[in-house]
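Taken in sequence, the protein lines are chains Z and L. Here the first sequence is numbered in this note's numbering, starting from -3 and rising by one per residue. Here the second sequence is numbered in this note's numbering, starting from 659 and rising by one per residue. In what follows, a structure is listed as C-alpha cells, so that the remarks can point back to it.
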Amino acid sequence: MNFELTDEQRLVAGSIARFIQDNYDLESRIQLSSVKPGFSEDHWATMAELGWLGLPFSEADGGFGGSQIDTMVLMEQFGKGLVLEPFLASVVLGGGALKRAGNDDQKKAWLSGLIDGSKKLSLAYMEPESGDEPQNVAVTGTPSDDGYKVTGTKCMVLHGAAADAFVVSFRTSGGTADESGITLALIPADRDGLKVSGFPTVDGLQSSELSFDQVDVNKEDILGEVGEGFVPLNATINDGILAISAEAVGAMEVLYKDTAAYTQEREQFGHPLSDFQVLQHRMVDMFVEYEQCKSLLLRAVMEVAADGNDAQRCVHALKHLVGKAATFVGENAVQTHGGMGVTEELRIGHYFKRLMVIEAQFGNTDYHLDRFAA
Amino acid sequence: MDIELSKDDLLFEAEVNAFLTENAYKKGEDANQWRMDWFAKAREKGGWDVPKWPVNFGGPGWTPNQHYVWQRATARATTPWDLPFGLSMLAPVLMAYGSEEQQERFLPDIRARKVNWCQGYSEPGAGSDLASLKTRAELSDDGSHYVVNGQKIWTTMAHIADWIFCLTRTSSDGIKQEGITFLLFPMKQDGVEVKPIITLGGTHTVNSVYFTDVKVPVENRVGEEGKGWTYAKGLLEHERSGIAGISNSIVALEGLKEKARGVKRGNGSLMDTPSFKAKIAALEVDLMAVEYTELRSLATASAGAAPGPESSILKLKGTEIQQRIQKLTMEAGGQFSAAWGGRNSGPGFARGGTGGYMNSRYYTIYGGASEVQKDIITKKVLGIKSSK
C-alpha cells in the first residue's frame, strides 16, 4: 500500500492550484457563472492545452493513460476553486461512457476533439421518475429501419446546453427497472427531434433537460451491445461519484480552514470567537469529518482503480460519508460565521451550495447507505 | 391536568374556523383591499386583529387555550401577510415603557397595518454581542433632538419599512448595557440609506442601513435616555417566541408528507422508503414535544407579558425543526432541488428546494443565534455562573 502521489500527479495538482489562484477569486467566478455559457471557454482551452482533459483516457485513445487517481487529484483542486468548467460532464461522464462502451471508430470520431477541447459531451441518464436508480429507464427506443426511434425525457443533464453530443441511455427491451435491456447511444445535440433546455443550478453550475421526440438513432450511434448498456453506465456513474467526492473533499478543506481563520479575526464579547471552547470543538469536528472523507476517498479510488472486489461497496460507503460530512461541515461553517455566512458576499456559502448539490447527485446520503447495507 | 379542550374552547374553535372560512381570500379579489378588510373584521370580533395585545389596549384577552386554538387554525388558513416588528415587538415595548402620547401616536397605525416598522438592532460589530453596538445618538445643545450616525445590519424588510425602532448609543461610560437609548424615526428621509443584502437562497429580505446626521426629536425617545437595553431585552423575548413558528411547522410537516407521497420510488413512494420515513417520524416526535413546551409556556405567561427566558428553548427547537423540514423538502426533491429556474420536470415543489434550505440556515442565526440562546439558558435558567 502506498499513499504517495507520483511526481507527475504532484505537478498537476500544483499547476491546477496555481490556475485557481490566478483565475478563480469569488468575484470572477460569480461573473463567469452569470453569463452564458456559465463558464469560460478560455479556461476550457487552457485546460486542454495543459493536458487535463486527456488525463483519464488511455494513450491509445489519445490521452495520458491516467486513472481515477488522476481524476481525483484534479477534482480535489477543482473543489477548492469551485471550478465551473464542464470537466465532470464532458470528461468524466460523457467521455467516460464513450471510452467504456464505444468502438474504435466512435472513439476516434469524438475523443480527440474532447481531449483537445473542441468538442464537449455530457451524459443523459436521469429521468423524471427514475429517482436515484440509473436502471430505471423509461425513455424508449422503438425499432426502425436503421436502428431506433427514441422518445422520452432526460433530466438534470449537466452542462447540456454546451454539449455537442450526449451519451443517452434508453430502453430497448425489458421492464422499466430492469438492468438488462438498457442501450447506450451517442446522439449529437443537433439531431432532429432532440430539444435541449438549459438552466442554471443553485451552485452556479449549469444543467439541462432533454426531450426526445422520435429521434433517429442509427446503428453507428449505438455504443456497445444493444441492451447491455447498464454495466458501462454504472461504471461511469461510479467514476462520477469518485470525482464529485474528491471535489467535495477539496471544498470541505476550504470551509474548515476559512472557519478557523474567521473565528480568530471576529471579536464578540471582547474575545475572538475562537476563544470559545464550544466553537473550538465544533471546528475540530469539522476537521475530523473532512479527514475521514479524505481517507475513504483514497480507499475507494484505489479500490476502483485496481478493479477490486470491494469497489462498488467502497463507492456507496464514500458517497454516504461525503454527503453526511458535507452537510455537517457546510452547516457549521455557515452557523459559525453567523449572519455573514448566509450572504453571497463570503465564499463559504458558495462552497456550501456546491456541497449540497453534490450531496444529492448520483443518489443521496441515505440512498448510498441503503445500497451499502444491501 | 386534562388533555381535552373544554366545551367553551371547542365553541371558540368553531367560531374561529367560521371566521377564517368566511373571510378567506376569494379569487379575483383585490389582495390589498382583502387584507385591510380582513383585519378590520378581525377587529370587530373583539380584538382578533391583535390577539396578543392586552385587553386595556384592545386585545381579546384570550386564555392560553384560546391562543392555542387561534394559532392552530390560522396556520392552516390563508391569512393576510403581516410583519411582527410593529405588532409583536414594538407594541409591547410602547405599552410598557412608552408615554401615553407615544401610545396614542403609534399604536393605532400599527394596529391598522398602516405603518410598517423595522428593527434597528444588529450592527457589523454587534451581532451576538448586541450590547456592544456603536450607532451614536448625540443630543443637540438645545436638547430638542438627537443626531444619529452609524450602521445597522441584517435589518429585515428595511426596504419597505416606514419607520424604525433603533437602539443607539448615547453614552460610552460605564458598562456597555448602559448608555443605550431606544429611538423611533421615519425611514424615508435624508440621511437614511438602505442597501440590500442578498442571502444564499437568492432572496432579498435583509439589508444594511446607514444613518448620516439623522435628526430625531426627543419626543421620539422611548422611556429614559440610557435605559434602552432594558426595554430591548423584553422585546427580544417576544421576537424569540414568534420565530419558533411551531403551528406553521406542524402544517408544513403535513405538507411535506403529502409531497413525499407524490414522489415515486420503486412501486411505492418516497414515504415508503424506510430511511426517509424514519426521519419524518423523528421530526414529528420532536414537534409533538415542542408544541406542548410552547403550550406550557403559554399557560404560565399571562397574556401580554414577556415570555421570559424559556422562550429560548422554543427559539432553539423551533428553528431547528424548521430547518429540518426544509432539509427534508430538499431531500424529497432529490437532484431536482438544485434547479434554479428554467424548465425542469421534477416534482413542482422541488424547484428551488436547495435555495429554500440555504435560506433556512438563517433561522438558527437571526433573533439571537442558537449559541446565544444556550448562553441565556445556561445563565438564566440553569443558574450557572461563569468565572469568565
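Even glycine gets a Cβ: it sits at the ideal position worked out from N, Cα and C. Values in this document were obtained by computation on a predicted structure and should not be read as measured data.
Residue i in three-state terms, based on DSSP
i: Ser829/L; result: coil
i: Ala173/Z; result: coil
i: Ser866/L; result: strand
i: Trp106/Z; result: helix
i: Arg730/L; result: helix
i: Ser203/Z; result: strand
i: Leu49/Z; result: helix
i: Val852/L; result: strand
i: Gln373/Z; result: Residue 373/Z lies beyond the range of chain Z shown here (-3 to 370); nothing can be said about it.
i: Asn690/L; result: helix
i: Ala120/Z; result: strand
Neighbour list for residue i in chain Z, Cβ cutoff strictly below 7 Å
i: Ser970/L; result: Per Cβ cutoff of 7 Å: no residues; Ser970/L is ~16 Å from chain Z at best.
i: Arg923/L; result: Gly127
i: Gln993/L; result: Met122, Met152, Ala356 and Gln357
i: Ile1042/L; result: Within 7 Å Cβ-Cβ: nothing; Ile1042/L doesn't reach chain Z, min ~14 Å.
Residue i, buried or exposed, once every other Cβ within 10 Å from all chains shown has been counted against 16
i: Met71/Z; result: buried
i: Glu895/L; result: buried
i: Pro932/L; result: exposed
i: Arg6/Z; result: exposed
i: Val943/L; result: exposed
i: Glu949/L; result: buried
i: Lys349/Z; result: buried
i: Pro636/L; result: This structure gives no information on residue 636/L, because the portion of chain L shown stretches from 659 to 1046.
i: Pro52/Z; result: buried
i: Val245/Z; result: buried
i: Gln777/L; result: buried
i: Gln260/Z; result: exposed
i: Asp831/L; result: exposed
i: Glu355/Z; result: buried
i: Phe823/L; result: buried
i: Lys371/Z; result: Lying before the first or after the last residue shown, residue 371/Z is absent from chain Z, which here runs from -3 to 370.
i: Met845/L; result: buried
Alpha-carbon spacing of residue i relative to residue j, whole angstroms
i: Asp142/Z; j: Leu229/Z; result: 24 Å
i: Val909/L; j: Arg262/Z; result: 39 Å
i: Pro722/L; j: His862/L; result: 35 Å
i: Gly345/Z; j: Pro738/L; result: 32 Å
i: Asp707/L; j: Gln761/L; result: 17 Å
i: Leu745/L; j: Gly92/Z; result: 60 Å
i: Gly335/Z; j: Ala105/Z; result: 52 Å
i: Trp692/L; j: Ala735/L; result: 14 Å
i: Glu129/Z; j: Gly319/Z; result: 17 Å
i: Leu986/L; j: Gly705/L; result: 38 Å
i: Ser798/L; j: His267/Z; result: 35 Å
i: Met68/Z; j: Leu89/Z; result: 14 Å
i: Phe265/Z; j: Leu107/Z; result: 60 Å
i: Ile971/L; j: Trp40/Z; result: 52 Å
i: Glu243/Z; j: Lys76/Z; result: 7 Å
i: Ala961/L; j: Glu968/L; result: In this predicted model, Ala961/L has a pLDDT of only 48, less than 50, meaning its place in the structure is not dependable enough to derive any value.
i: Asn328/Z; j: Asp271/Z; result: 17 Å
i: His725/L; j: Gln993/L; result: 40 Å
i: Glu341/Z; j: Val353/Z; result: 20 Å
i: Lys703/L; j: Arg771/L; result: 17 Å
i: Gln835/L; j: Tyr779/L; result: 13 Å
i: Val274/Z; j: Arg167/Z; result: 54 Å
Integer-rounded CB distance, given that residue j should sit under 8 Å from residue i
i: Gly50/Z; j: Ile111/Z; result: 4 Å
i: Arg982/L; j: Leu941/L; result: 5 Å
i: Ile240/Z; j: Gln357/Z; result: 6 Å
i: Gly127/Z; j: Arg923/L; result: 5 Å
Chain Z contact residues for residue i, given Cβ-Cβ distances below 9 Å
i: Leu858/L; result: Val198, Val330, Gly337, Val338, Thr339, Glu340, Gly345, His346, Phe348 and Lys349
i: Trp887/L; result: Within chain Z, no residue comes near Trp887/L; the closest Cβ sits about 15 Å away, beyond 9 Å.
Contact set between residue i and chain L, taken where Cβ atoms lie within less than 7 Å
i: Phe265/Z; result: Asp787
i: Thr149/Z; result: Ser1003
i: Ala366/Z; result: As written in the sequence, residue 366/Z is Asp, which differs from the Ala given in the question. Those are Ser933, listed as they occur along chain L.
Where residue i meets chain C, residues with beta-carbon distance less than 7 Å
i: Ile855/L; result: Considering every chain present, this structure includes no chain C. Its protein chains are Z and L.
Partner residues on chain L for residue i, Cβ-Cβ distance less than 9 Å
i: Val274/Z; result: Glu1029 and Lys1032
i: Asn360/Z; result: Glu989, Gly992 and Gln993
i: Glu23/Z; result: Under the 9 Å cutoff, chain L gives no residues; its nearest Cβ is about 14 Å from Glu23/Z.
Within chain Z, the residues that residue i reaches when beta carbons sit closer than 8 Å
i: Met815/L; result: Result: empty, since nearest Cβ-Cβ is about 15 Å, beyond 8 Å.
i: Tyr1015/L; result: Met352
i: Tyr1020/L; result: Gly335 and Val338
Any non-hydrogen atom of the ligand PLP within 7 Å of residue i CB
i: Lys846/L; result: Questions concerning the ligand PLP fall outside what the structure shown contains, since it holds no ligand whatsoever.
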